[in-house]
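According to the numbering used here, the sequence shown is numbered sequentially starting from 35. Every residue, glycine too, gets a C-beta built ideally from N, C-alpha and C.
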Amino acid sequence: MTERATPPTAPLRARAEIDLGALRANVRALRAHASGAALMAVVKSDAYGHGAVRCARAAREAGATWLGTATPEEALALREAGLPGRVMCWLWTPGGPWREAIEADIDVSVSGLWALREAAAAAAAAGVRARVQLKADTGLGRNGCQPGDWPDLVTAALRAQDDGLLTVTGLWSHFACADEPGHPSIAAQLTRFREMVAYAERQGLSPEVRHIANSPATLTLPEARFDLVRTGIALYGIAPSREVGTPADFGLRPVMTLSASLALVKHTPGGHGVSYGHHYVTPGATTLGLVPVGYADGIPRHASGAGPVLVGGKWRTVAGRIAMDQFVVDLGGDEPPVGEDAVLFGPGDRGEPTAEDWAQAAGTIAYEIVTRIGTRVPRVYVDDEADDQADSEVDGEAFR
Ligand SMILES: *Cc1c(COP(=O)(O)O)cnc(C)c1O
35 MTERATPPTA
45 PLRARAEIDL
55 GALRANVRAL
65 RAHASGAALM
75 AVVKSDAYGH
85 GAVRCARAAR
95 EAGATWLGTA
105 TPEEALALRE
115 AGLPGRVMCW
125 LWTPGGPWRE
135 AIEADIDVSV
145 SGLWALREAA
155 AAAAAAGVRA
165 RVQLKADTGL
175 GRNGCQPGDW
185 PDLVTAALRA
195 QDDGLLTVTG
205 LWSHFACADE
215 PGHPSIAAQL
225 TRFREMVAYA
235 ERQGLSPEVR
245 HIANSPATLT
255 LPEARFDLVR
265 TGIALYGIAP
275 SREVGTPADF
285 GLRPVMTLSA
295 SLALVKHTPG
305 GHGVSYGHHY
315 VTPGATTLGL
325 VPVGYADGIP
335 RHASGAGPVL
345 VGGKWRTVAG
355 RIAMDQFVVD
365 LGGDEPPVGE
375 DAVLFGPGDR
385 GEPTAEDWAQ
395 AAGTIAYEIV
405 TRIGTRVPRV
415 YVDDEADDQA
425 DSEVDGEAFR
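And the structure:
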């Protein structure tokens, strides 16, 4: 059953509203794009700032059969919150919590022999078979096993599997440039992936899942879907890049709306410097609004003088520097009441800017904008879809 919305008990300085109904709808849209492949909801880094446990539950309700995290600690936290089913994590360092992860029935990823050894040793100590996925570096040049080292890793994995220490559940890889459709590395990585999978299978591995697609590949590359797609940013309703398209092109809706309550509205004369360094000077007599969020809340300081904010129905621009806890917008003589909503970003269909607009203002990607939103900003969960369902349930039940 879906959870109720959490209404704020008092007016909040700032809030990140998380629309779980939109997240569920995004999962369903992505499953349709994945046409038959299973879906892993990537909820690393607190679900890209949206709240890992709530988002993981909502994603599961909408049919995500896998949950994915970077670190084992993130995966274990999902288990501690009571999330059952398949969970995978992939960013390990020596001495990591292998045993805890294996005992919690989490799929662990290994990219090299040291990691395979640690996983096998932990499985032996725990007396349970580990679920291990072998990660291939098909061209990303980051994590993953190089093609030249793959035979040794496959051989060692087969031996550990025969010894009853582990089961190789997956063979997988990650794209470097899937967000640039048509980039030549994409076809090259797919070819290499097929070769590395075929080699491992010829040697005797029979993985349950083979997977390489992230959000951009899920949306644009049908041939990359294999058995499972790993979607992160698209779950949160954000397009991976402009080249891939807009969220609406794929039936996705942004999940997070970030807003703050104006802390001060005041008249100032012309020629007045604004915020540290006086990089903005009022061009004439005007009104200024104080927005009580800053870089400590994850608002990028690089968007000083550029970030857009919807106040009183109009887009305003950050005036001068974004400080740790606050920034100023020039209201151009308008006098919205103190406490008025200042919407930094949201889905965009109520006239507000989007995370993509902030990414452009800060010279970064929208992934970073949502993921950076700090712990000082409460997440307020809303669930229009559940409310609709509740309403229709009430309607229907009157006749039972
Ligand atoms: C973060 C991550 C993903 C999800 O990427 P998106 O572009 O957000 O869909 C998938 N796989 C791995 C290995 C990742 O680290």
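- Two segments are said to touch when three or more pairs of C-beta atoms, one from each, lie closer than 8 Å; by this definition the segment 219-231 touches the segment 169-178.
- In the three-state scheme derived from DSSP, where H, G and I count as helix and E and B as strand, valine 404 is classed as helix.
- The count of Cβ pairs closer than 8 Å, one atom from the segment 307-319 and one from the segment 281-296, stays below three, leaving the stretches out of contact.
- Secondary structure note for threonine 321: its beta strand (DSSP E) is the uninterrupted segment 320-325.
- Assigned with DSSP and collapsed to three states, isoleucine 52 falls in strand.
- Just measuring C-alpha positions, the residue of Ala159, Pro342, Gly380 sitting nearest glutamine 394 is Pro342.
- Its chain contains Leu73, Ala75, Ala93, Ala96, Gly97, Ala98, Leu269 as the residues whose beta carbon lies nearer than 7 Å to that of valine 61, once the 5 sequence neighbours on both sides are disregarded; these appear in chain order.
- The segment 205-212 makes contact with the segment 242-254: 3 or more CB pairs, one atom from each, lie closer than 8 Å.
- The continuous beta strand (DSSP E) containing valine 299 extends over residues 298-302.
- Residue pairing by DSSP leaves alanine 115 without any beta bridge partner.
- Linking serine 207 to alanine 232 through their CA atoms gives a straight-line distance of about 14 Å.
- The DSSP-derived three-state label of histidine 67 is helix.
- Taking every protein chain shown into account, the CB of glutamine 167 has 16 or more other CB atoms within 10 angstroms, so this residue is buried.
- Sorting Lys169, Val345, Leu192, Thr203 by C-alpha distance to the C-alpha of glycine 178 places Lys169 at the top.
- Contact between the segment 187-207 and the segment 145-165 is present: 3 or more CB-CB pairs across the two stretches fall below 8 Å.
- In the structure shown, proline 131 falls within a coil segment according to DSSP collapsed to helix, strand and coil.
- In this structure, aspartate 359 lies away from alanine 71, with their beta-carbon atoms at least 8 Å apart.
- Taking 8 Å as the cut-off, the Cβ atoms of leucine 125 and alanine 104 count as close.
- In the structure shown, histidine 312 adopts helical secondary structure according to DSSP, grouped into three states.
- Between aspartate 364 and leucine 46, the alpha-carbon positions lie close to 22 Å from each other.
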